[in-house]
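Peer 1: Once you know that position 388 of the sequence shown is 600 in our numbering, the rest is easy, because the numbers rise by one and skip nothing. This is the structure, below, for whatever I ask next.
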Amino acid sequence: MSKSTFSTHHGMTDLLPGEIEQWQALEALIHETARRYHFQEIRTPVLEQTELIARGVGQLTDIVSKEMFTFDRGEDHYVLRPEGTAPVARAFVQHHLAQRGGTQRLYYIGPFFRAERPQKGRQRQFHQFGAELIGASGAIADVEIIAFMTAIYRQIGIQNTSLKLNSVGDPSSREAYRKALHAYFKPLAGKLSDISRNRLETNPMRILDSKEEQDQPLKAGAPKITDYLSATSLAHFESVRELLDQMDIPYDVDPFLVRGLDYYTETAFELTSPDLGSQDALGGGGRYDLLIEEVGGPSTPAVGFACGIERLMIACEALGISLAQPAGPDIYFVTRGEEAARWALKKMPELRNTGLVCTMDYSGRSLKAQMKDANRQQARFTVIVGEQELQENLFTLRDMVKSEESQVKSAEIADRVAIT
């Protein structure tokens, strides 16, 4: 009878030693950048109420209509969170964060889930970092969010990016534009892709978000939303552009950028990189002044962004950017005999308390095998421990980089390794 074997679900991957160090370094960079921009971390559950996502993201979006992982347990309806903004909005309302006063500057890092066709940089379990600035309606808030997002990529060293900018207007602007798009695309319905043809009656703005090849020439002649913006929306968009110019943040106006979620109003933006190939989006976001009220809170302006970590890692690989080098232990104890192993096991916590990284052989292998393992793990030093070394309190300290040896007492090990 053969043994059962198991593997990850389709579209879900393990992060293994040797690659996870890159992720840890990125997370540390995000945390530090957030600290400088005075954003505070928020962590929401992986499971949310299905109705929250449906109302927040939009019933007609691809996420809600065909990409959610949902299940029921009794009377409760659960969904593996497919995006981060609606859960943060829910937390803002549930915990009355507005009572803290001022604007709420929140950021998050974590896994998300969508049942879509896996491809490079797009998995069913994927990871994002994002930020939300809640409680400010001015263009300054939009630009602060964009500055925060672009600062992370700048510090990573990804310079080959393009910031696309647009306005999707207020509700009255969107309604006027929706009618104009419907009138434009209706005679072309037979030439549209099946996906876009289905969107024509429900949400024609989503046709502009299509990546289908046959839709591209049809999109090119479509009306531009900037011609349908109300005076208020146009003024807001112009203020955003002026402030970006003032901040020396380059951008390109893309009149067909609409983003994929229904909660966006006014400013929309997307950061792309040619190093990702045809699926070139690193992340993006925009203003969503209607969302918090939609999920049960008071009318509250907000703006935010979300960026894919898997896509960022692809860009780093393409550019040869290493965020962290795998680090070996400072000390590898090479032991001969059980008494030596017991001594090393007791010595390591003392050295770890000084900040040194220590390990040892746990399998009772030969001296040669242990030295080979220490070299494989890229240990900076080995300390050889045997019966004679214990009796004399004099140990061989080997510098694995310089291939040099010296004799040290037990109390001297930490200082000798630390100053090298």
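Beta carbons: idealized from backbone N, C-alpha and C, even for Gly.
The alpha helix (DSSP H) that contains R248, what's its start and end?
Peer 2: Where R248 is concerned, the enclosing alpha helix (DSSP H) stretches over I232 to R248.
Peer 1: Could you pull the DSSP bridge partners for A514 from this structure?
Peer 2: Beta-bridge pairing links A514 to I346.
Peer 1: In terms of alpha-carbon separation, which member of A303, G286, F281 and A240 lies closest to P294?
Peer 2: Per the Cα distances, F281.
Peer 1: Count Cβ pairs between the region 535–542 and the region 232–240 that sit closer than 8 Å; are there 3 or more?
Peer 2: Yes, the region 535–542 touches the region 232–240.
Peer 1: On the three-state DSSP scale, how would you describe F449?
Peer 2: DSSP places F449 in helix when its eight states are reduced to three.
Peer 1: So, does the region 393–406 touch the region 421–428, judging by three or more C-beta pairs under 8 Å?
Peer 2: Segments in contact, yes.
Peer 1: In or out: K584 buried (at least 16 other Cβ within 10 Å) or exposed?
Peer 2: Result: exposed.
Peer 1: Nearest-angstrom Cα distance between T650 and Q428?
Peer 2: In this structure the chain extends from 213 to 632, so residue 650 is not present and cannot be described.
Peer 1: Quick check: what's the CA-CA separation for G540 versus G567?
Peer 2: If I take the Cα positions, the gap works out to 14 Å.
Peer 1: Identify the continuous alpha helix (DSSP H) that holds K584 and give its terminal residues.
Peer 2: L579 to R588 is the span of the alpha helix (DSSP H), which, as asked, contains K584.
Peer 1: What is the residue span of the alpha helix (DSSP H) that P323 lies within?
Peer 2: Note, P323: premise wrong, no alpha helix (DSSP H); beta strand (DSSP E) at Q316 to F325.
Peer 1: Pull up the distance between the alpha-carbon of D457 and that of N378, whole angstroms please.
Peer 2: Straight-line Cα distance between these residues: approximately 15 Å.
Peer 1: Would you give the residue range spanned by the beta strand (DSSP E) that F283 belongs to?
Peer 2: Counting along the chain, the beta strand (DSSP E) containing F283 begins and ends at T282 to R285.
Peer 1: Using CA atoms only, rank isn't needed, just tell me which of M459, P435, Y396 and H448 is closest to L469.
Peer 2: It is P435 whose Cα lies nearest to the Cα of L469.
Peer 1: Within the continuous alpha helix (DSSP H) that includes Y365, where are the two ends?
Peer 2: A351 to I368 is the extent of the alpha helix (DSSP H) around Y365.
Peer 1: Give me, in chain order, the residues of the same chain whose beta-carbon lies closer than 7 Å to that of I352; leave out the 5 immediate sequence neighbours on both sides.
Peer 2: Here the set comprises L455.
Peer 1: Let me make sure I understand the geometry here. Which of R548, M361, Q331 and R334 has the alpha-carbon closest to that of L318?
Peer 2: If we check each option's Cα against that of L318, M361 comes out closest.
Peer 1: Between the beta-carbon of M459 and the beta-carbon of Q337, is there less than 7 Å?
Peer 2: No, these two residues do not count as a Cβ contact at 7 Å.
Peer 1: Give, in chain order, every unbroken run of the beta strand (DSSP E) that is at least 3 residues long and sits entirely within the region 376–432.
Peer 2: If we require 3 residues or more, the region 376–432 turns out to have no beta strand (DSSP E) run fully inside it.
Peer 1: Which one of D466, E253 and A266 has the shortest CA to CA distance from L375?
Peer 2: The residue with the shortest Cα to Cα distance from L375 is D466.
Peer 1: Does E482 come out as helix, strand or coil in the three-state DSSP assignment?
Peer 2: Looking at E482 - three-state DSSP - the assignment turns out to be strand.
Peer 1: Out of curiosity, what's the CA-to-CA distance linking E239 and G497?
Peer 2: Straight-line Cα distance between these residues: approximately 20 Å.
Peer 1: Considering Cα atoms alone, identify which of V546, N587, F593 and R564 is closest to S575.
Peer 2: The shortest C-alpha separation from S575 is found at V546.
Peer 1: Taking C-beta to C-beta, are A506 and R248 nearer than 7 Å?
Peer 2: Before going on, a small fix: residue 506 reads as Glu here, not Ala. No, the Cβ-Cβ distance between E506 and R248 is not below 7 Å.
Peer 1: Does DSSP put T438 in a helix, a strand or coil?
Peer 2: T438 falls in the helix class under three-state DSSP.
Peer 1: Quick one: give me the first and last residue of the alpha helix (DSSP H) that F304 is part of.
Peer 2: It spans T297 to Q306 - the alpha helix (DSSP H) in which F304 sits, taken as one unbroken run.
Peer 1: For D487, which of helix, strand or coil comes out of DSSP?
Peer 2: D487 falls in the helix class under three-state DSSP.
Peer 1: Give the DSSP-derived three-state secondary structure of M224 in the structure shown.
Peer 2: M224 falls in the coil class under three-state DSSP.
Peer 1: To the nearest angstrom, how far is the alpha carbon of A626 from that of L563?
Peer 2: Straight-line Cα distance between these residues: approximately 6 Å.
Peer 1: Where does the unbroken alpha helix (DSSP H) through G268 begin, and where does it stop?
Peer 2: Looking at the DSSP string, the run of the alpha helix (DSSP H) that includes G268 is T262 to V269.
Peer 1: Which two residues bound the contiguous beta strand (DSSP E) that contains V470?
Peer 2: Counting along the chain, V470 falls outside any beta strand (DSSP E), and DSSP gives it neither H nor E.
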